[in-house]
Every structure is written in C-alpha cells, then in structure tokens.
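K.L.:
In the numbering used here, the protein residues as written are 5 to 409.
Once you've had a glance at the structure underneath, I'll fire off some questions.
As structure tokens, this is what we get:
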C-alpha cells in the first residue's frame, strides 16, 4: 500500500428485542423480534381496479407471509388491520385517500416511472395527498405487482418499510458509539435537511428542515445544528460529545456556522463547558476504489476495510462482502471518503470517527439484505431533501416516523 495505512474496522453487532446478530435478516428471521415499535398497525391499501386483485394478493403476502417469509404480523410482532380502497383511475386517488384518514401507513400501487411526457406520473401526487392527511405512504410499482410479488426479498423489505413508517425501529447497535449525538446535514433542492441520531442501543431518529436560500446556507446550518443539539439535550441531558456529518464538501462558512452553533449550545447549557465536537465531510463521489484480489480476479472488498489517505481522510468500504461479493456490471462498489474538517480536539483518532460512520450505515431500516453506502445521518437527510424538492412536505404527524424510507 506504499505510504497508505489500511485495515478493517470491526463489523457492528445488531441488537434486537430478544437477541443479537450481525445480519438484520437473520436476526428477524430467527424470531429475535424488532427492538421497539407499535403492537398494532392500521394499513391502508390503495389500488386502481385493473390491478386490485394483484394488489390484494401482494398485501396478503406482506402481512401473512409467503414461502419462507412469515409475514409482517409474525416477524415484526404486530397486529395488522387492513382498510382497502379501489379506484377506477389514479386521478381519483386524492379523494379516495380521504377515506383512509386515520391509518398508520398507506400502501399504494402506481405505474412504473416512464420517460414519456404523455403519461402522467402519479407517484408524487399520491405522496403529496397522503402527506396532506398526515399518512406516511409506501409505493409499489406495477412491475413489482406483476413480477416480484412472490419474492421473499421484496416482501420482507416492504414489511420492514411499512413497520418503520408506522414508528417501529427494527434493530439497534449492541455496542456504544463514540459520541452522545450525531447530526447529519444535507443541502439540496433549495432545502437544508437535518437528521439527529441518538441512543444506538435504542435508536431515536429525529429530523427537521429549513428553506435554504443559497445566500443563507451558513445561517440555516447554524440554526439547524443548534436545534438538533437542543432536541438531543432534551432526551439525553447535557451533551459531552457531538459529531456532525456533512453530506459532501463543507464550505468554510459552514465550518464557522457549526462552531457558532456549538458556542451557542454551550452558553445555553446544552453541552458541557468544554465539549468535544467534530465536523466530518461524508463524500459519496470519490475516484479511488478498494478491491480484494483473488488470483487474477478483483472482487469487492470486505465491508469495513479502510485506507488512510492522509492524517484526516479515511476511505471506507461501507458496502461489499458478504452482501456484494461479486463485481456488478457497473464495477466495484464505491467506498466513501470521511474527512475531518474541524474539531475541538484534533488529536481524536479519525479512524474511530470513521468506524462510527460505518456502523451508522448498517442501521438503515429500509432493507434487511443490503446496507447503503452512507450513514443514516446523511442518507436520511438526503432522502428528506429529495422529497421536499418534489413537493412532499412532512406534516407534524410524521414526527417520530421514518416516513422517508
């Protein structure tokens, strides 16, 4: 590796209600039960007449199980009540959703996204209408109904997403992270979205957003980070260690904004007199690749493998073996770059900060089979920004729910 130092970060152990596992799917399939969540769930099912039969079949398989998948009710230990609505055409969906007011989540069938201007896209309008009623929505496209309704992976992940959008948390971490609070920030589409993560053993995810005119990015970031610290202090008390993850590159004005937010938090008694804080760039668009040599072949790296690019930058393979062993047609899995931009103590081991980023990427409650490359701090902030830019604005009823999965 020449001048580079490399190694492998420890793989996180996931905590469920009745056991631990390194695999979300294995833990839930073994009957360890989700960590926390509702005991009863009201699910609305919306479909137009031409696919109503297939949608009915899919919903039954998600709830009751199919093949080796034992179903949402059993795997997630929740009683599911279903309210069905069928419409002649999806242009009637907005009005039909009114009859589902009060359900926890709505499962809606929509046509596949197409690049034909003559065909209307119903995905966003239905999400907007559901959000206006305070109902998180889970979409299923027609190709899934026709070709994948018998897939264990698809059914399991649909159940997991529905459970998360109803307020459930399927798993946490069995070991502690290095900070009291993690704050993820994404600036995109005219919005600044902030995700707060607390208590890895019993995860709590909160979020906020602000309209972000380009000339006021620093102000919006200062206020967003300060608000997240304030909400964290309400839950866990005075904070000793706070880590902020910035999606992409951080501008110098954002560094100053974070410093000011921490100063204001200290003056307000939200953090310790001499708190530790760190601002990290989490960059997903990087050129270097990490691979594992197997004879003359190049395979995807083991998850957790890292390379120290310089004293403050770590390249981490947050995706790879065992989930993605073989190289796909798009090439090797991309690592992410974690760079320390600012800190109250520059002696902090950057590798430890990168380990927490890697572990947080394994807490995504949107898939039980393949983890994302990004930590949920920046991943969820990015998802929220994207939905906001599409016109899907979360109502107060979404608080405490992973509506953006």
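Each residue gets a CB set at the ideal place from its N, CA and C atoms; glycine is no exception.
#1: Please report the straight-line C-alpha distance between residue 365 and residue 359, rounded to a whole angstrom.
#2: According to the neighbour-count rule (16 or more other Cβ atoms, all chains shown, within 10 Å of its Cβ), is residue 140 buried or exposed?
#3: Which term fits residue 122, buried or exposed, when burial requires 16 or more other beta carbons within 10 angstroms of its beta carbon?
#4: Are there 16 or more other CB atoms within 10 angstroms of the CB of residue 83, so buried, or fewer, so exposed?
#5: Under 8 angstroms, do residue 70 and residue 373 count as touching if we go by C-beta distance?
#6: How many Å lie between residue 128 and residue 353 at the Cα?
#7: Going along the chain, which unbroken runs of the alpha helix (DSSP H) with 4 or more residues stay wholly within the segment 313-389?
#8: Unbroken alpha helix (DSSP H) runs of length 4 or more, entirely within the segment 93-152: which are they?
#9: If you measure between the beta carbons of residue 39 and residue 171, is that distance less than 8 angstroms?
#10: Which whole-angstrom value is the C-beta distance of residue 211 and residue 224, which I expect to be below 8 angstroms?
#11: With 16 as the cutoff for other CB atoms within 10 Å, does residue 116 come out buried or exposed?
#12: Per DSSP, which one or two residues make a beta bridge with residue 90?
#13: Grab me the residues of residue 119's own chain with a C-beta within less than 7 angstroms of its C-beta, minus the 5 sequence neighbours each way, in chain order.
#14: Please tell me whether residue 247 and residue 208 are closer than 8 angstroms, where the distance is taken between their beta carbons.
#15: Would you check if there are 3 or more beta carbon pairs closer than 8 angstroms linking the segment 306-323 to the segment 269-284?
#16: Which residues bound the alpha helix (DSSP H) around residue 239?
#17: Is residue 261 helix, strand or coil by DSSP?
#18: With residue 201 as the anchor, note down where its beta strand (DSSP E) starts and where it stops.
#19: For residue 400, count the other beta carbons within 10 Å of its own beta carbon; 16 or more makes it buried, fewer makes it exposed. Which is it?
#20: Out of curiosity, what's the CA-to-CA distance linking residue 252 and residue 235?
#21: Going by C-alpha to C-alpha distance, which of 182, 90, 381, 19 sits closest to residue 232?
#22: Just to confirm, is the Cβ distance from residue 202 to residue 229 under 8 angstroms?
#23: Note the first and the last residue of the continuous alpha helix (DSSP H) segment covering residue 169.
#24: Should residue 204 be labelled buried (16 or more other beta-carbon atoms within 10 Å of its own) or exposed?
#25: Can you tell me which of 178, 53, 151 puts its alpha carbon nearest to the alpha carbon of residue 23?
#26: Mind checking who residue 249 pairs with in its DSSP beta bridge?
#27: Among the candidates 37, 106, 150, whose CA atom is the shortest distance from the CA of residue 55?
P.N.:
The relevant details are as follows:
#1: 10 angstroms
#2: Buried, because 16 or more other Cβ atoms sit within 10 Å of the Cβ of residue 140.
#3: In this prediction, residue 122 scores a pLDDT of 48, lower than 50, which makes its location untrustworthy; the coordinate-derived value is nonetheless stated afterwards. Flag for residue 122 reads exposed.
#4: exposed
#5: Going by beta carbons, residue 70 and residue 373 fall outside the 8 angstroms limit.
#6: 44 angstroms
#7: 354-365, all fully within the segment 313-389.
#8: 97-101, 127-136, 146-151
#9: Not a contact, by the Cβ cut-off of 8 angstroms.
#10: With a Cβ gap of about 14 angstroms, residue 211 and residue 224 do not count as contacting.
#11: exposed
#12: 51.
#13: Summary for residue 119: the model assigns pLDDT 43, below 50, so the residue's position carries little reliability; its value from the coordinates is reported in the next sentence. Result list for residue 119: empty, nothing under 7 angstroms.
#14: Going by beta carbons, residue 247 and residue 208 fall outside the 8 angstroms limit.
#15: no
#16: Per DSSP, residue 239 belongs to the alpha helix (DSSP H) from 221-240.
#17: helix
#18: 195-202
#19: exposed
#20: Taking C-alpha positions only, residue 252 is separated from residue 235 by approximately 24 angstroms.
#21: 381
#22: no
#23: In the DSSP assignment, residue 169 falls within the unbroken alpha helix (DSSP H) covering 156-169.
#24: buried
#25: Ranking the options by Cα distance to residue 23, first place goes to 178.
#26: DSSP lists 188, 284 as partners of residue 249.
#27: Among 37, 106, 150, the Cα nearest to that of residue 55 is on 150.
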